[in-house]
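*Asks:*
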Amino acid sequence: MNKQWYFTKTKMLFLYFCSLFVFYIVIWIILNIFLFRPLKEERNQYITNYARQISSSVLNQKEVYEKMVLQLSSSHILIEALSEQHEKPIEIWKAMEDITQLLKGNKGIMPAIQKLSVYAQGSSLWTDGLYIFTEEPLEKNFSVNYKWFEEEENGLPAYSICCNIRGLYNSVEAFIKLSINGQKAFGDYIYFEENIDGRAYLINNDGMIIASSQQFAEGGNLNEFIRVADYDIPEGTIFEVKNDIALCQRIDDNWSVVVAIPSAYTKKKMQSTYLIIGIIMFGIALVTSFVLFQIIRRWYDTQEEVINIKLQKQKFEVRSLESQINPHFLYNTLGVMRWEALDCNSQRLMDMIDNLTVFYRRSLNKGNSFLTVSQEVELIKAYIAIQEERCDHCVEVDIEVDKEIESVIIPKMILQPLVENIWIHGNITKKGNQFIGISIHKLDQNLLQILVIDNGSGISAERLERIKNGTDEDSRGIGVSYIRSILQCYYKENFVYDIRSKEGEGTRVSLIVPDKIEDEVNWGQGGQK
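Basically the numbering used here = 1-based index in the sequence shown + 18.
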């Protein structure tokens with residue numbers, strides 16, 4: 019049993035862990051579809067929206083500076099000052115003062131402006147106002163086609179845009195140049211919420227950082243902070259680099275915004291989800307393990323019960339075999355006694371010995387648990403005959419049996435306890451009582467009724483209730499319980515056991531049972547119960 023128990027337990031545990039593993043895989047797939055994937059999509063959407071928001075803000079601010087340059091290039095003050103021929107010093111001074119005030123006023127409005135300059139050639143103002151305008155030749159890399167370019171101003175990186183001053187004549191070539199500090203100009207628009215450790219960079223096509231949410235990053239190269247091999251990344255593409263998840267959003271042909279958040283941002287949400295799911299999974303595993311253990315334990319207990327029942331059955335069969343051997347001695351002894359009675363010419367003694375022999379032969383029945391109806395009636399007649407010898411045949415006994423059911427098989431000794439109760443407890447030998455009726459009839463095609471009645475002393479209502487409930491402990495209650503156990507054993511719940519009695523009037527016991535029982539096959543095969 020121990021080996022079988024160990025093998026079965028191991029097998030069930032293996033199947034349990036396999037099913038648990040499959041269950042976890044299914045749960046993981048479901049979570050990935052309905053939870054983790056939406057979390058990643060939410061993260062990607064968040065990065066995309068943030069990049070678009072920053073790009074829009076930077077583009078708007080960039081347009082502000084471009085509009086300023088455009089408006090200044092069309093200013094009549096600049097055009098007049100640069101176009102007219104100034105002969106008197108006072109006129110030169112006034113013209114330069116007008117230009118200075120114009121530039122200072124616009125520069126003061128926008129603190130991010132590092133330099134706002136006017137360059138001209140062929141103007142009398144340029145020639146005569148040397149102490150204000152330093153003569154500088156137009157550099158070849160200066161672009162006057164309204165595009166931004168990078169340069170240095172006072173040792174600091176600056177981003178400049180140039181625009182021709184319109185409306186000039188007299189061969190005057192002039193343009194205005196606006197130089198800004200990228201971080202001051204766009205840094206306020208490149209930021210992240212405090213609860214997110216994200217970074218944003220405004221870069222040009224060479225990966226040079228114009229402005230950043232990260233301190234002291236401006237002027238550096240993006241590769242110093244995010245390892246990106248190729249800056250020509252399609253717009254809106256989300257890519258993973260080292261411990262970051264980044265997105266590149268192009269603003270125009272020259273500038274782009276790169277937004278990066280740590281991978282841990284999503285992992286934190288997932289880790290909290292993992293923790294909750296892990297606790298739930300552990301709880302499920304704990305509960306199912308407990309249930310499985312209980313199932314295995316019950317199975318083991320059931321197996322033990324089955325084995326014990328088999329052992330008891332074997333012991334009972336051994337006792338039955340012994341009971342078939344021991345009666346031979348009894349029968350031989352009764353045979354010797356009958357011969358002695360015959361020698362003494364005592365017919366009464368011979369009849370008693372014959373009845374006793376019949377009684378024991380039928381009650382033991384070679385260890386079988388069943389008798390035919392006729393054999394059971396023969397047994398009860400022998401028992402009654404023995405009892406009548408004690409009371410000088412003062413009790414009238416009436417036995418009626420349908421001929422058609424004499425071969426029907428019933429449990430043996432089903433009548434004897436009922437008749438014995440009448441003789442012992444019913445005061446049946448008292449004058450005026452002295453009647454026992456036994457009848458066995460077929461009710462329909464499948465049912466038999468066994469009826470035992472007497473006109474003895476009867477049973478009190480209180481005691482009858484105890485007998486029916488199985489709480490009466492004297493021999494009458496034990497006999498009734500024995501019959502109920504026999505009926506339950508062979509007919510399960512398919513029987514009626516009815517006891518009716520009235521004190522001083524007698525008792526009526528009715529048994530209604532099927533005409534066939536499950537163990538009838540064993541009877542036909544000579545089996546033992």
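Note that the Cβ used here is the ideal one computed from N, Cα and C, for glycine as well.
#1: Identify the continuous alpha helix (DSSP H) that holds THR66 and give its terminal residues.
#2: Please state the DSSP three-state secondary structure of ASP472.
#3: So, helix, strand or coil for GLU407, using DSSP?
#4: Excluding sequence positions up to five away, which residues of its chain have a Cβ less than 6 Å from the Cβ of LEU469?
#5: Quick check: the Cα distance between CYS180 and ASP215, rounded to an integer number of angstroms?
#6: Is it right to say SER37 is buried, meaning 16 or more other beta carbons lie within 10 angstroms of its own, or is it exposed?
#7: Throw me the rounded Cβ distance for the ILE440 and GLY488 pair, which I believe falls under 8 Å.
#8: Where are the beta strand (DSSP E) runs, 3 residues long or more, that stay fully inside the stretch 269–337, in chain order?
#9: Does GLY147 pass the burial test, meaning 16 or more other C-beta atoms within 10 Å, or should it be called exposed?
#10: What residues in its chain sit with their C-beta under 7 Å from that of ILE446, if we drop five residues either side in the sequence?
#11: Who are PHE39's beta bridge partners in DSSP?
#12: So the beta strand (DSSP E) LEU389 belongs to, where does it begin and stop?
#13: Please classify ASP462: is it buried, with 16 or more other beta-carbons within 10 angstroms of its beta-carbon, or exposed?
#14: Comparing C-alpha positions only, which one of ASN261, MET114, ASN272, LEU293 sits nearest to ALA278?
#15: When DSSP labels each residue in this structure, what does TRP144 get in the three-state scheme?
#16: Is there a Cβ from chain D that is less than 8 Å from the Cβ of LEU367?
#17: Assuming ASN241 and TRP273 make a contact with CB atoms under 8 Å, what is their CB distance in whole Å?
#18: So GLY524 is in the beta strand (DSSP E); what residue range does that whole segment cover?
#19: Taking ASP416 as the reference, which of ASN67, LYS399, HIS94 has the closest Cα?
#20: Under the rule that 16 or more other beta-carbon atoms within 10 Å means buried, what is ILE554, buried or exposed?
#21: Give the range of the beta strand (DSSP E) segment to which ILE442 is assigned.
#22: Enumerate in chain order the residues of its own chain whose CB-to-CB distance from SER436 is below 6 Å, with the five nearest sequence positions on each side excluded.
#23: On the CB-based measure, 16 or more other CB atoms within 10 Å of its CB, does PHE193 come out buried or exposed?
#24: Put GLN452 into one of helix, strand or coil per three-state DSSP.
#25: If we ignore side chains and look at the alpha-carbon of each, how far apart do VAL531 and GLN434 end up?
#26: Which residue's Cα is closest to the Cα of GLU438: LEU397, ILE423, LYS421?
#27: Residue range of the beta strand (DSSP E) that SER519 falls in?
#28: Bridge partners for TYR219 per DSSP, in chain order?
#29: Roughly how many angstroms separate the alpha carbons of ASP206 and ILE297, rounded to a whole number?
#30: By how many angstroms is the C-alpha of CYS409 removed from the C-alpha of LYS448?
#31: Quick one: is ILE72 buried, meaning 16 or more other Cβ sit within 10 Å of its Cβ, or exposed?
#32: Using 8 Å for Cβ pairs, my map puts LYS328 next to PHE388. What's the rounded Cβ distance?
#33: Thinking C-beta only, is SER178 closer than 8 Å to ILE208?
#34: Give the secondary structure of LYS510 by DSSP, where H, G and I count as helix, E and B as strand, and everything else as coil.
#35: In angstroms, rounded to a whole number, what distance separates the CA positions of TYR64 and LEU77?
#36: On the DSSP letters alone, give me the boundaries of the beta strand (DSSP E) that ASN261 sits inside.
*Replies:* With the structure as the only source:
#1: Taking the first residue of the sequence shown as position 1, residue 66 is located at position 48. Its alpha helix (DSSP H) spans residues 55–91.
#2: Residue numbering aside, residue 472 sits at position 454 when the sequence shown is read from its first letter. ASP472 falls in the strand class under three-state DSSP.
#3: Stepping through the sequence shown from its first residue, residue 407 is reached at position 389. Looking at GLU407 - three-state DSSP - the assignment turns out to be helix.
#4: In the sequence shown, counting from the first residue as 1, residue 469 sits at position 451. Around LEU469: SER457, SER528.
#5: For the purposes of this step, residue 180 is taken as the residue at position 162 of the sequence shown. For the purposes of this step, residue 215 is taken as the residue at position 197 of the sequence shown. So the alpha carbons of these two residues sit roughly 37 Å apart.
#6: For the purposes of this step, residue 37 is taken as residue 19 along the sequence shown, with counting starting at 1. Burial is judged here by how many other beta carbons sit within 10 angstroms of a residue's own beta carbon; SER37 has fewer than 16 and is exposed.
#7: Here residue 440 corresponds to residue number 422 of the sequence shown, with the count starting at 1. Here residue 488 corresponds to residue number 470 of the sequence shown, with the count starting at 1. About 20 Å separates the two Cβ atoms, so there is no contact after all.
#8: Positions of the beta strand (DSSP E) runs, each at least 3 residues long and wholly inside the stretch 269–337, are given as 273–280 in order along the chain.
#9: By 1-based counting over the sequence shown, the position of residue 147 is 129. Reliability of the predicted coordinates at GLY147 is poor, the pLDDT of 38 falling under 50, and the value obtained from them is presented with this limitation in mind. Result: buried.
#10: As a first step, residue 446 must be located in the sequence shown, where it is residue number 428. The beta carbon of ILE446 lies closer than 7 Å to those of VAL413, ILE440, GLN452, ILE454, ASP472, GLY474 in the same chain, with the five residues before and after it left out.
#11: Numbered from its first residue, the sequence shown carries residue 39 at position 21. The partner list for PHE39 (beta bridge, DSSP) is empty, contrary to what the question assumes.
#12: Within the sequence shown, numbered from 1, the residue matching residue 389 stands at position 371. Element bounds for LEU389: 388–390.
#13: Here the question's residue 462 lines up with position 444 in the sequence shown. Counting other Cβ atoms within 10 Å of its Cβ, ASP462 stays below 16 and is therefore classed as exposed.
#14: Counting from one through the sequence shown, the residue named residue 278 turns up at place 260. The alpha carbon of ALA278 has as its nearest neighbour, out of ASN261, MET114, ASN272, LEU293, the alpha carbon of ASN261.
#15: Here residue 144 refers to the residue found at position 126 when the sequence shown is read from its first residue. Residue confidence is low: TRP144 scores 49 on pLDDT, short of 50, so the model does not pin down where it sits. No coordinate-derived value is stated.
#16: Protein chain content of the structure displayed is limited to a single chain, and chain D is not contained in it.
#17: By one-based count along the sequence shown, residue 241 stands at place 223. By one-based count along the sequence shown, residue 273 stands at place 255. About 17 Å separates the two Cβ atoms, so there is no contact after all.
#18: Along the sequence shown, one-based indexing puts residue 524 at 506. Per DSSP, GLY524 belongs to the beta strand (DSSP E) from 524–532.
#19: For the purposes of this step, residue 416 is identified with residue 398 of the sequence shown, where counting begins at 1. Looking only at ASN67, LYS399, HIS94, the smallest Cα-Cα distance to ASP416 is reached by LYS399.
#20: Given that the chain is displayed from residue 19 to residue 547, the structure contains no residue 554 and the question cannot be resolved.
#21: Numbered from 1 along the sequence shown, position 424 holds the residue referred to as residue 442. That residue, ILE442, is in no beta strand (DSSP E); its alpha helix (DSSP H) goes 434–443.
#22: Here residue 436 refers to the residue found at position 418 when the sequence shown is read from its first residue. The question names Ser, yet the displayed sequence has Leu at residue 436. Within the same chain, and ignoring the five residues on either side of LEU436 in sequence, the residues whose Cβ sits closer than 6 Å to its Cβ are VAL470, VAL527.
#23: Residue 193 sits at position 175 when you count from the first residue of the sequence shown. Around the beta carbon of PHE193, 16 or more other beta carbons sit within 10 angstroms, so the residue counts as buried.
#24: Locating residue 452 in the sequence shown gives position 434, where the first residue counts as 1. DSSP places GLN452 outside both helix and strand once states are collapsed to three, so it counts as coil.
#25: As a first step, residue 531 is located in the sequence shown; it is residue number 513 there, counting from the start. As a first step, residue 434 is located in the sequence shown; it is residue number 416 there, counting from the start. Rounded to whole angstroms, VAL531 and GLN434 show a C-alpha spacing of 17 Å.
#26: Within the sequence shown, numbered from 1, the residue matching residue 438 stands at position 420. Comparing Cα positions, the closest option is LEU397.
#27: By one-based count along the sequence shown, residue 519 stands at place 501. Residues 514–520.
#28: Numbered from 1 along the sequence shown, position 201 holds the residue referred to as residue 219. Among the bridge pairs identified by DSSP, TYR219 is matched with SER230, VAL276.
#29: Position 188 of the sequence shown holds residue 206. Position 279 of the sequence shown holds residue 297. Each residue's CA atom was taken as its position, placing ASP206 and ILE297 some 44 Å apart.
#30: Here the question's residue 448 lines up with position 430 in the sequence shown. Here the question's residue 409 lines up with position 391 in the sequence shown. CYS409 has its alpha-carbon roughly 10 Å from the corresponding atom of LYS448.
#31: In the sequence shown, counting from the first residue as 1, residue 72 sits at position 54. ILE72 is buried by the Cβ-count criterion.
#32: Translated into the one-based positions of the sequence shown, residue 328 becomes position 310. Translated into the one-based positions of the sequence shown, residue 388 becomes position 370. In fact, because the Cβ distance is near 22 Å, the residues do not count as touching under 8 Å.
#33: Locating residue 208 in the sequence shown gives position 190, where the first residue counts as 1. Locating residue 178 in the sequence shown gives position 160, where the first residue counts as 1. No.
#34: Walking along the sequence shown from the start, residue 510 turns up at place 492. DSSP places LYS510 in the coil class of the three-state scheme, outside both helix and strand.
#35: Counting from one through the sequence shown, the residue named residue 64 turns up at place 46. Counting from one through the sequence shown, the residue named residue 77 turns up at place 59. A direct Cα-to-Cα measurement between TYR64 and LEU77 gives close to 20 Å.
#36: As a first step, residue 261 is located in the sequence shown; it is residue number 243 there, counting from the start. From DSSP, ASN261 is part of no beta strand (DSSP E); its letter is neither H nor E.
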